[in-house]
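In the order they appear, the protein sequences are chains A and B.
The first sequence maps to residues 1 to 236 in UniProt numbering.
The second sequence maps to residues 1 to 236 in UniProt numbering.
Beta carbons: idealized from backbone N, C-alpha and C, even for Gly.
Computed from a prediction, not measured in an experiment: that's the story for all the values here.
Here's the structure, in structure tokens; my notes come after.
Protein chains: 2
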Amino acid sequence: MATGRSHRPATRSRGIPEATVARLPLYLRALTALSERSVPTVSSEELAAAAGVNSAKLRKDFSYLGSYGTRGVGYDVEYLVYQISRELGLTQDWPVVIVGIGNLGAALANYGGFASRGFRVAALLDADAALAGRLVAGLPVRHIDELEAIVVDNQVSIGVIATPAGAAQEVTDRLVNAGVTSILNFAPTVLSVPDGVDVRKVDLSIELQILAFHEQRKAGEGRQEPDGDVPAVMPA
Amino acid sequence: MATGRSHRPATRSRGIPEATVARLPLYLRALTALSERSVPTVSSEELAAAAGVNSAKLRKDFSYLGSYGTRGVGYDVEYLVYQISRELGLTQDWPVVIVGIGNLGAALANYGGFASRGFRVAALLDADAALAGRLVAGLPVRHIDELEAIVVDNQVSIGVIATPAGAAQEVTDRLVNAGVTSILNFAPTVLSVPDGVDVRKVDLSIELQILAFHEQRKAGEGRQEPDGDVPAVMPA
DNA sequence: ATGTCTTTGTGAACGCGTGCACAAAGATGG
DNA sequence: CCATCTTTGTGCACGCGTTCACAAAGACAT
């Protein structure tokens, strides 16, 4: 069983650090807002504040892309928008399929952030035949049987999984088999994928549990946790 | 002299590394599955495979919680479930409010992973008066005007924001003002919060853009990117 | 009891990411 | 043209997280 390795062994010499890649969309969003207000240039300090990061970090991030700023002035907003878009691959069209059109799938289909960034929803798929043909976000839901044909015909390389946990692995296998090489997984499952396929997961439950941990710590700030508190269950 | 003084090992004290905290829910999920299959014990190797991580990492993670394993045997599943649950604060009840009952908010309200982990949806809130009273996931949607009263009455400390971007900051301010100290933000905005308030954000668009970056790299593996490709827009 | 075998727990090394602090670059004004 | 001022780009050091590799611990058989 090939466990899905989401991280490459080592960054190439020409590679942009993963942490930087993860922040580029953040910068892009802030820059887009500036662009809409017709702001011509922005300093690293201002942009960093808008994106919620440290200015030194932002400058270092940009330094991986090249020297796009002007000392004493700042960065040209339009130019930077283009450079980051190009680096992220957003200047091209990315057809996407969404599998599992429940509440979450419908929310994703309706999400405006997709189309505005070069992502085009090629199809909505669901296993429930009763849903077939119903319009969601202006698109007809199609039956999961059509998955392979749709992926091939539209050259879909990105799949979004919004199915129940039990169906996620099978859907993944079918997507990968049909040619999908990037998967965004909303199902609470660890997916196995062959090498060369990227998986990112978004897990609502995990995020909440992390918040709960910090919340608990905040609540128990002063008092000491009774460490000897052991449950009835003991190791055999 | 590169090697400085070892100020504090930071091991035995109360500090669990953030990276470890983020993985505990993952382990917990795998352990729960084992528990339901009545598996009594599990080795670090097996559990790591189920959680999709390295076994050495898992053992080190557990070492921050204490020595809960038995050498030569592995970990007692039930005992470990309890210890992780306690560490994450899941043995207590966490009332949660969800603000913004669109498709996404409805999806969150219906998500089973909430209730099963000690999270209880105290209320669903929306600014649209037309939604008020409608049942979503068995709960009536209530108007945003009731936010403060609901937070106070139910001692809500965790808020989930599923509103449009434009409303997110205002909702955040009101939540924080009413006593919420942890926020899970699904709106594509950088939130400003006072010290002591934790914010975690989940951003669909950003995840997709990161995938697009890697996808683009995969597509252009062999050929060289024309680096001199510059748009018409140039810095002033 | 003793030896063997399995698996944990962890010391140590390494690599990545972050932030400081400053020199270099360029704008701007006299 | 020169001085000054602003802001970038980056060398460097530090700390966190990951991984390796192995000694210690215990189970189990004889």
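{"Asked": "C-beta contact flag for A/Ile16 and A/Tyr79 at 9 Å", "Found": "no"}
{"Asked": "Counted within 10 angstroms of its Cβ, other Cβ atoms place A/Gln155 as buried (16 or more) or exposed", "Found": "exposed"}
{"Asked": "Burial state of B/Gln92, where buried means 16 or more other Cβ atoms lie within 10 Å", "Found": "exposed"}
{"Asked": "Option nearest B/Gly102 by Cα separation, candidates A/Gly102, A/Ala107, A/Gly113, A/Ala149", "Found": "A/Ala107"}
{"Asked": "Proximal residues, the segment 180-195 of chain A versus chain B, C-beta separation under 7 Å", "Found": "Thr181, Ser182, Leu184, Pro188, Val190"}
{"Asked": "Rounded straight-line distance, which links the Cα of A/Ser67 to that of B/Lys218", "Found": "25 Å"}
{"Asked": "Cα-Cα separation between B/Glu45 and B/Asn54, rounded to whole angstroms", "Found": "8 Å"}
{"Asked": "Chain A contact for B/Ala56 (CB, 9 Å cutoff)", "Found": "no"}
{"Asked": "is_contact[B/Ile210, chain A] using C-beta, thresh 9 Å", "Found": "yes"}
{"Asked": "Sequence-distant residues of its chain with Cβ nearer than 8 Å to A/Ala30 (five each side left out)", "Found": "Leu47, Ala50, Ala51"}
{"Asked": "Euclidean distance between Cα positions of A/Gly74 and B/Gln216", "Found": "29 Å"}
{"Asked": "Own chain partners of B/Val199 with C-beta closer than 7 Å, once the 5 adjacent residues on each side are dropped", "Found": "Ile183, Asn185, Leu191, Val193"}
{"Asked": "Cβ-based neighbour list, A/Asp229, same chain, cut-off 8 Å, excluding 5 preceding and 5 following", "Found": "Reliability fails at A/Asp229, whose pLDDT of 40 lies under 50, so the model's placement of it is uncertain and the value that follows must be treated cautiously. None."}
{"Asked": "Within 7 Å of chain A by C-beta, residues of the segment 60-82 of chain B in sequence order", "Found": "Thr70, Asp76, Glu78, Tyr79, Tyr82"}
{"Asked": "Short CB-CB distance (under 9 Å) between B/His214 and chain A", "Found": "yes"}
{"Asked": "Rounded straight-line distance, which links the Cα of A/Gly118 to that of A/Gly89", "Found": "9 Å"}
{"Asked": "Where A/Asp173 sits in the DSSP three-state scheme", "Found": "helix"}
{"Asked": "Straight-line Cα distance separating A/Ile98 from B/Val39", "Found": "35 Å"}
{"Asked": "B/Ala212 burial status per 10 Å Cβ neighbour count (16 or more: buried)", "Found": "buried"}
{"Asked": "Cβ neighbours of A/Pro140 in the same chain (closer than 6 Å, five flanking residues each side left out)", "Found": "Gly133"}
{"Asked": "Length of the line joining the Cα atoms of A/Ile84 and A/Val121", "Found": "22 Å"}
{"Asked": "C-beta neighbour in chain B for A/Glu45, strict 9 Å", "Found": "no"}
{"Asked": "CB of A/Val176 within 9 Å of CB of A/Val197, strictly", "Found": "yes"}
{"Asked": "For A/Pro226, three-class secondary structure by DSSP", "Found": "The pLDDT assigned to A/Pro226 is 44, lower than 50, so where the model puts this residue is not dependable; a value taken from the coordinates is nonetheless given after this. It is coil, neither helix nor strand."}
{"Asked": "Contact set between A/Asp126 and chain B, taken where Cβ atoms lie within less than 7 Å", "Found": "Those do not exist, as A/Asp126 stays about 14 Å from chain B at its closest Cβ, beyond 7 Å."}
{"Asked": "Three-state class that DSSP yields for B/Val136 in the structure shown", "Found": "strand"}
{"Asked": "Residue-level contact to chain B via CB, A/Arg217, 9 Å cutoff", "Found": "yes"}
{"Asked": "Beta-carbon proximity of B/Ser157 to B/Gly179, cut-off 9 Å", "Found": "yes"}
{"Asked": "First and last residue of the uninterrupted beta strand (DSSP E) at A/Tyr79", "Found": "A/Tyr79 -> not in any beta strand (DSSP E); alpha helix (DSSP H) instead, spanning 77-88."}
{"Asked": "Coarse secondary structure for B/Val202, derived from DSSP in three states", "Found": "coil"}
{"Asked": "Distance between beta carbons of A/Leu147 and A/Arg174, contact taken as under 8 Å", "Found": "6 Å"}
{"Asked": "Local conformation of A/Ala122 per DSSP, three classes", "Found": "strand"}
{"Asked": "Sub-9 Å separation of A/Ala162 and A/Ala187 beta-carbons", "Found": "yes"}
{"Asked": "Selection of the segment 90-104 of chain B by Cβ proximity to chain A, strictly under 8 Å", "Found": "Leu90, Gln92, Trp94, Val96, Gly102, Asn103, Leu104"}
{"Asked": "Selected residue, minimal CA-CA separation from A/Gly113, among B/Ser205, B/Ala19, B/Leu124", "Found": "B/Ser205"}
{"Asked": "Three-state secondary structure (DSSP) of B/Gly166", "Found": "helix"}
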